[in-house]
Amino acid sequence: MSNTPKETIEKLGIILPTPGAPVANYVTYVKTGNLISISGQLPLDIDGKLPYLGKVGQEVSAEDANKAARLCAINIIAQLNAALDGDLDRVVRIVKLGAFVNCIDSFPGQPAVVNGASDLMVEIFGNKGKHSRSAVGTNALPLNVPVEIDALIEVS
7 MSNTPKETIE KLGIILPTPG APVANYVTYV KTGNLISISG QLPLDIDGKL PYLGKVGQEV
67 SAEDANKAAR LCAINIIAQL NAALDGDLDR VVRIVKLGAF VNCIDSFPGQ PAVVNGASDL
127 MVEIFGNKGK HSRSAVGTNA LPLNVPVEID ALIEVS
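Heads up, the sequence shown is in my numbering, so the first residue is 7 and it goes up one at a time.
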């Protein structure tokens, strides 16, 4: 028998943080029909700190950026959990992740960085976690984070 998303999160030792509030004129998620759009999430840890700062290929290694992407995914799941009033069993499909990687011009490894988020979605949601995605390199991100990721999720 397969685990529920909550059981898998527990088994992985992940503690979902309290979802962050918006810091400008937007909302952290929007529900429309059977879709939830999650605004871009930063790699904040459980204490609300940013353990990774800087450009990938300069101050941040690709390996640490992958860990930052995983933190973004954890924060996406925390927002999703709030949107679903704690019922992650309602997830039908992680439809898409949109990822931005703050990197030097010559860095070609955005997909490998974003795998940190993609892999976690599949670990937690199984086949429902397989998604389409974008992995785009950019010259800057808010607060000098190495990764920011948003999501579109289908729910019941």
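No residue lacks a Cβ here, since even glycine has one placed at the ideal position from N, Cα and C.
Within 10 Å of its beta-carbon, does residue i have 16 or more other beta-carbons around it, so buried, or fewer, so exposed?
i	result
residue 112	exposed
residue 117	exposed
residue 55	exposed
residue 37	exposed
residue 61	buried
residue 34	buried
residue 146	exposed
residue 44	buried
residue 126	buried
From the DSSP output, which residues share a beta bridge with residue i?
i	result
residue 113	BP columns for residue 113 are empty, so no partner.
residue 22	Residue 22 pairs with nothing; no bridge assigned.
residue 155	47 and 105
Hey, residue i and residue j: beta-carbon distance below 9 Å or not?
i	j	result
residue 161	residue 80	no
residue 142	residue 115	no
residue 131	residue 97	yes
residue 101	residue 59	no
residue 87	residue 144	no
residue 10	residue 90	no
residue 30	residue 78	no
What are the complete beta strand (DSSP E) segments, minimum 3 residues, inside the stretch 35-103?
Secondary structure within the stretch 35-103: the beta strand (DSSP E) runs of 3 or more consecutive residues, fully enclosed, are 35-38 and 41-47 (chain order).
So does the stretch 15-34 actually touch the stretch 46-61, counting three or more Cβ pairs closer than 8 Å?
A contact exists between the stretch 15-34 and the stretch 46-61.
Give the list of continuous alpha helix (DSSP H) stretches no shorter than 4 residues that lie fully inside the stretch 111-145.
Listed in chain order, they are 116-131.
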